[in-house]
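As structure tokens, the structure follows; a few thoughts come after it.
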Amino acid sequence: MAPTAAERDESERFDRGIFTRMGELGLTAAPFPESDGGAGFSYLGWTLVMEELGAADMASAVTLSVHVLSQFPVFSWGSAEQKGRWLPPMLAGTALGAFALTEPHAGSDASQIRARAERVGPADAPDGYRLTGTKIWISNAPEADRYLVFASVDPARGAKGIGAFLVEKGMDGFTFGAHERKMGIRSCPAAELVFDGCLVPVANRLGAEGEGYRIALSALAEGRISIAAACVGIARSALEQATGYLQERRAFGGPLADQQGLRFMLAEMARDVAAARALTREAAATRDRGEPIGEASSLAKWTASDTAMRVATDAVQLFGGSGYSRETGVERLMRDAKGAQIYEGTNQIHRLIVADEVLKRARPG
Ligand SMILES: Cc1cc2nc3c(=O)[nH]c(=O)nc-3n(C[C@H](O)[C@H](O)[C@H](O)COP(=O)(O)OP(=O)(O)OC[C@H]3O[C@@H](n4cnc5c(N)ncnc54)[C@H](O)[C@@H]3O)c2cc1C
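Quick note: the sequence shown uses our numbering, first residue 5, plus one each step.
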């Protein structure tokens with residue numbers, strides 16, 4: 005992935021061949037149990053994969069992470085019939101997945117989504133739900149084949165009225181709107197989804213009618229660890245590139261690496277990478293132990309994405325003018341890191357999640 009990352013970023017070109025190759029290598033099945041056709045990696049093992057991918061090309065890492073994110077709920081909430089129908093091509097990497105929650109007026113406050121899933125039938129055959137509404141910022145769209153879509157079955161019930169639906173590209177009434185024109189991860193596509201009375205069979209509803217919001221939150225908690233690991237990869241790559249540059253570049257009679265002020269910067273970058281990696285692996289180990297991951301995954305994603313942003317920004321500084329040029333590639337790390345402070349819950353929202361957990365623990369009794 006690495007040799008073509010800059011060209012794909014520049015031309016905003018999604019390369020389906022990379023995803024297909026990930027499937028051939030078994031990466032699309034990695035973090036899922038063998039009993040359901042997965043490769044049976046521990047989640048800790050999965051973070052090692054994501055760190056390497058993030059270091060090479062964050063855009064492709066995000067494509068894989070979102071693909072995996074869209075599958076978690078099928079493993080946890082899907083019926084045997086749904087698993088058998090939905091998962092095999094996703095695990096093999098022959099079908100690409102996407103996760104569709106965000107809407108124009110509802111991002112952080114996702115309980116306020118307005119997309120509607122209106123039950124039709126049984127008199128109005130065929131039995132199912134008619135989806136109407138718009139989703140924005142959906143990563144992997146329009147390239148993805150399969151979409152996990154959240155829509156309200158009963159708006160009066162708020163978050164408890166949201167359902168989760170398995171939707172396939174090509175279903176009547178499902179089209180794509182504008183492509184997002186992004187600052188970073190430009191070779192990972194993102195687009196609007198438009199539902200205009202799209203009929204989704206009842207058999208494609210995941211979980212009970214009002215369980216969608218819970219399904220979304222639990223999937224996102226898992227996905228955040230994966231994004232955190234990819235961010236550790238960005239930060240590591242920035243540190244490695246800056247280290248190489250300081251050793252090569254000469255000024256004031258010697259290599260820049262002789263300058264104590266710059267050595268201090270490198271040391272702080274190394275400290276931050278190590279700390280972010282430790283928190284990320286601890287979150288993965290928490291999941292592997294079967295313990296609740298809400299707080300650990302928020303701490304990991306918040307810390308690792310801030311670290312990626314800070315370390316990549318420092319790397320640009322250490323490269324001087326070359327760092328600001330699109331030729332060297334370090335500015336791409338900085339642009340790619342910025343998005344990770346926003347998606348899968350902004351880092352403000354992670355502060356809220358962590359504070360809630362801290363207060364809950366401190367509550368008497
Ligand atoms: C690159 C990228 C890829 C994405 N991919 C997907 C995808 O695949 N699927 C999907 O469903 N969505 C996706 N998103 C959408 C993303 O999840 C939302 O952008 C994000 O949740 C923030 O929502 P918002 O943009 O509506 O911002 P808002 O919620 O409007 O927030 C605006 C600002 O206010 C802050 N804020 C909001 N509420 C609070 C509060 N209570 N306290 C403190 N601060 C607050 C936020 O942190 C932010 O800084 C993607 C976004 C990006 C940038």
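No residue lacks a Cβ here, since even glycine has one placed at the ideal position from N, Cα and C.
Residue nearest to Trp50 within the set Glu244, Gly227 and Val320 is Gly227 (criterion: CA-CA distance). Between Met26 and Ala234, the gap from beta carbon to beta carbon reaches 8 Å or more. Distance from the CA of Ala271 to the CA of Arg281, rounded to the nearest whole angstrom, comes to 15 Å.
Below 8 Å, too few C-beta pairs join the stretch 282–295 and the stretch 244–252 to call them touching: fewer than three.
Sequence-distant Cβ neighbours of Thr307 in its own chain, meaning closer than 6 Å and more than five residues away, are Ala280 and Leu283. When DSSP states are grouped into helix, strand and coil, His109 belongs to the coil group. For Thr32, the shortest separation between its Cβ and any heavy atom of ligand 1 does not lie below 7 Å. Within 10 angstroms of the beta-carbon of Ser15 lie fewer than 16 other beta-carbons, which makes it exposed. The alpha-carbon separation between Met94 and Glu147 amounts to approximately 14 Å.
Pro259 carries a strand assignment under DSSP once its states are collapsed to helix, strand and coil. Look at Glu172 here: in three-state DSSP terms it is strand. Across the structure, Phe178 and Phe169 are spaced so that their CA atoms are roughly 13 Å apart. A residue is called buried when at least 16 other Cβ atoms come within 10 angstroms of its Cβ; Met187 does not meet this threshold and is exposed. Shortest Cα-Cα distance from Ala163 to any of Ala239, Val66, Gly216 and Val171 involves Gly216. Phe103 is bridged by DSSP to Leu152. When the Cα atoms are used, Arg150 and Ser39 turn out to be separated by approximately 22 Å.
Within 7 Å of the C-beta of Leu52 there is not a single heavy atom belonging to ligand 1.
Asn144 and Ala194 have their alpha carbons spaced roughly 5 Å apart. Its chain contains Phe323 and Ser326 as the residues whose beta carbon lies nearer than 7 Å to that of Thr332, once the 5 sequence neighbours on both sides are disregarded; these appear in chain order. Taking each of Val70, Thr138 and Ser222 in turn and checking the Cα distance to Gly201, the smallest one comes out for Thr138. Of all alpha-carbon atoms in Lys342, Ser115 and Arg365, the one lying nearest the alpha-carbon of Ala160 is that of Ser115.
With a threshold of 7 Å, the Cβ atom of Ser80 does not count as near ligand 1, since no heavy atom of the ligand is closer than that.
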